[in-house]
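There are 2 protein chains.
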Amino acid sequence: MTTDLGDDPLALDRQVCFALAVAARSVIGLYRPLLEPMGLTHPQYLVMLALWEGEPRSVKDLSSTLQLESATLSPLLKRLEAADYITRRRSIDDERLLVVELTDAGRALRAEAEKIPYAVVERLALPVSDLEDLHTSLSRVIRAAATPATTAAAPATTEAAPA
Amino acid sequence: MTTDLGDDPLALDRQVCFALAVAARSVIGLYRPLLEPMGLTHPQYLVMLALWEGEPRSVKDLSSTLQLESATLSPLLKRLEAADYITRRRSIDDERLLVVELTDAGRALRAEAEKIPYAVVERLALPVSDLEDLHTSLSRVIRAAATPATTAAAPATTEAAPA
DNA sequence: CATTAATAGTTAGCACACTAATTAATCGCG
DNA sequence: CGCGATTAATTAGTGTGCTAACTATTAATG
Chain L
267 MTTDLGDDPL
277 ALDRQVCFAL
287 AVAARSVIGL
297 YRPLLEPMGL
307 THPQYLVMLA
317 LWEGEPRSVK
327 DLSSTLQLES
337 ATLSPLLKRL
347 EAADYITRRR
357 SIDDERLLVV
367 ELTDAGRALR
377 AEAEKIPYAV
387 VERLALPVSD
397 LEDLHTSLSR
407 VIRAAATPAT
417 TAAAPATTEA
427 APA
Chain W
267 MTTDLGDDPL
277 ALDRQVCFAL
287 AVAARSVIGL
297 YRPLLEPMGL
307 THPQYLVMLA
317 LWEGEPRSVK
327 DLSSTLQLES
337 ATLSPLLKRL
347 EAADYITRRR
357 SIDDERLLVV
367 ELTDAGRALR
377 AEAEKIPYAV
387 VERLALPVSD
397 LEDLHTSLSR
407 VIRAAATPAT
417 TAAAPATTEA
427 APA
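If you read the sequences in order, they're chains L and W.
Note that the working numbering has the first sequence beginning at 267, numbered continuously upward.
Note that the working numbering has the second sequence beginning at 267, numbered continuously upward.
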């Protein structure tokens with residue numbers, strides 16, 4: 267029927283969701299002092315990473331790449347525009363699309379940003395293999411969470427099995 | 267000197283921080299429909315987990331247990347009080363402390379909540395060993411991030427080594 | 001070709017999560 | 001005892017991140 271999760275399934279220190287929340291906040295917190303001099307928050311930094319990989323990009327594109335709702339990106343992009351790192355304009359081909367491009371200042375920022383990954387890895391002082399393992403585990407969970415729920419009542423424990 | 271992070275250190279799909287952010291949002295998103303009938307958000311659920319493990323607890327105590335600022339907990343606890351799941355009163359011994367306790371409704375909610383971990387694990391449809399691996403990796407990173415920064419300029423790559 | 005569907009963004013409203021500033025209570029030490 | 005330093009919460013302000021409702025544009029269909 268159901269997986270055995272031990273005597274106390276509600277034990278806080280066993281919840282993956284809790285560890286995920288704390289780890290995400292902790293690690294993102296390490297970026298704060300590094301990003302602050304560039305005037306970026308962590309989500310804004312992620313948008314810049316996406317743009318440095320390819321320009322121009324629509325909000326829809328950024329939304330699916332970063333797994334963020336366009337409702338979240340809308341005000342965020344306006345702040346990046348106010349900081350003069352990006353420009354926002356409607357596409358000529360399809361006026362539903364908002365085209366986001368880097369400004370010269372936004373492009374120039376990349377050189378500064380390249381130091382950040384090294385600074386974070388050094389700060390964590392963990393073997394890079396540990397970080398790679400974590401990345402692998404995280405990718406698995408992301409994929410699992412994105413997989414549509416099986417409405418079935420039947421299958422079960424850890425592996426789906428046809429009837 | 268510095269660790270080799272490959273040809274593009276800024277590649278989005280290699281950033282652990284990005285994977286962490288997406289995974290946290292994705293997994294917490296799975297809880298939303300499960301918690302919504304109980305009138306809880308995910309952070310509120312974590313507070314309830316902490317209280318089900320031991321009562322009463324001060325805000326300070328919850329803050330260090332959940333790794334959340336008391337400024338975040340303050341309004342959250344007021345909402346839990348408004349939902350009649352907890353009570354808030356000042357300690358008699360030390361009036362600086364706010365003592366948080368469960369109401370009968372809050373205690374009763376535990377029975378409902380016990381189904382949640384099973385529902386999430388089943389929904390993810392991942393081997394429990396994968397989740398345990400992830401939890402181990404996350405704990406490592408949390409500990410590493412919590413370790414005070416070595417102001418040193420010397421050490422380096424992945425392992426601290428005395429001179 | 002007109003009407004309806006679908007798609008892309010924006011806005012509003014709620015709930016975190018952080019920093020900084022404030023308030024209130026307690027502690028430490030001469 | 002008294003009084004400055006600490007400690008515990010709260011408040012204010014900014015920035016995500018979500019859902020739901022809305023606007024504008026484009027595509028699809030009879």
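Every residue gets a Cβ at the ideal spot worked out from N, C-alpha and C, and that includes glycine.
Because the structure is a prediction, the values reported are computed rather than measured.
Residue from L:307, L:292, L:315 and L:295 whose Cα sits closest to the Cα of residue 368 of chain L: Selected option, being the one with the closest Cα: L:315.
Between the CA atoms of residue 353 of chain L and residue 328 of chain W - distance to the nearest angstrom: Going from the Cα of residue 328 of chain W to the Cα of residue 353 of chain L covers about 43 Å.
Run of the beta strand (DSSP E) containing residue 367 of chain L, from where it starts to where it stops: Per DSSP, residue 367 of chain L belongs to the beta strand (DSSP E) from 364-368.
7 Å CB neighbourhood of residue 346 of chain L in its chain, flanking five on each side removed: Excluding sequence positions up to five before and after residue 346 of chain L, its CB lies within less than 7 Å of the CB of 310, 313 and 352, all in the same chain and listed in chain order.
Limits of the beta strand (DSSP E) - the one that residue 356 of chain L falls within: 352-356 is the extent of the beta strand (DSSP E) around residue 356 of chain L.
The stretch 354-366 of chain L touching the stretch 388-407 of chain L, judged by at least three CB pairs closer than 8 Å: Counting Cβ pairs under 8 Å, fewer than three are found: no touch.
Positions along the stretch 280-302 of chain W whose CB lies within less than 8 Å of some CB in chain L: Of all residues in the stretch 280-302 of chain W, those with a C-beta nearer than 8 Å to a C-beta of chain L are 280, 281, 282, 283, 284, 285, 286, 287, 288, 289, 290, 291, 292, 293, 294, 295, 296 and 297, reading in chain order.
Chain L contact for residue 346 of chain W (CB, 8 Å cutoff): Not one beta carbon of chain L lies nearer than 8 Å to the beta carbon of residue 346 of chain W.
Nearest candidate by alpha-carbon position, reference residue 406 of chain W, set L:373, L:276, L:380 and L:292: Closest by alpha carbon: L:292.
Counted within 10 angstroms of its Cβ, other Cβ atoms place residue 372 of chain W as buried (16 or more) or exposed: Buried, by the Cβ-count rule.
In chain order, each beta strand (DSSP E) run of at least 3 residues that lies wholly inside the stretch 369-396 of chain L: Counting whole runs of 3 or more residues, the stretch 369-396 of chain L contains no beta strand (DSSP E) stretch at all.
6 Å Cβ shell around residue 296 of chain L - same chain, five flanking residues per side excluded: So the list reads 386 and 389, once near-sequence residues are dropped.
Contacts of residue 384 of chain L in chain W (Cβ-Cβ under 8 Å): Chain-ordered, the chain W residues with CB closer than 8 Å to the CB of residue 384 of chain L read 268, 269, 271 and 275.
Contacting positions in the stretch 316-332 of chain W - beta carbon closer than 9 Å to chain L: Those would be 316, 318, 319, 331 and 332, in chain order.
Beta-carbon spacing of residue 300 of chain W, residue 410 of chain L below 8 Å: The beta carbons of residue 300 of chain W and residue 410 of chain L sit no closer together than 8 Å.
Spatial distance of residue 356 of chain L from residue 349 of chain L (CA atoms): Spanning the two alpha carbons is a distance of roughly 19 Å.
C-alpha gap between residue 395 of chain L and residue 364 of chain W, whole angstroms: Taken atom to atom, the span from the alpha-carbon of residue 395 of chain L to that of residue 364 of chain W is near 43 Å.
Amino acids of chain L, ordered along the chain, whose beta-carbon sits closer than 8 Å to that of residue 408 of chain W: Simply 285, 288, 289 and 292.
Minimum C-alpha distance to residue 273 of chain W - residue among L:413, L:380 and L:269: Among L:413, L:380 and L:269, the Cα nearest to that of residue 273 of chain W is on L:380.
Assigned exposure category for residue 303 of chain W - 16 Cβ within 10 Å defines buried: Burial call: exposed.
Residue 422 of chain L versus residue 383 of chain W: straight-line alpha-carbon distance, rounded: With a pLDDT of 40 at residue 422 of chain L, under the threshold of 50, the predicted position of this residue should be treated as unreliable, though the coordinate-derived value follows. Rounded to the nearest angstrom, the gap between the Cα atoms of residue 422 of chain L and residue 383 of chain W is 14 Å.
C-alpha gap between residue 283 of chain L and residue 294 of chain W, whole angstroms: Their backbone Cα atoms lie some 7 Å apart in a straight line.
Selected residue, minimal CA-CA separation from residue 308 of chain W, among L:378, L:275 and L:286: With distances taken between Cα atoms, residue 308 of chain W lies closest to L:286.
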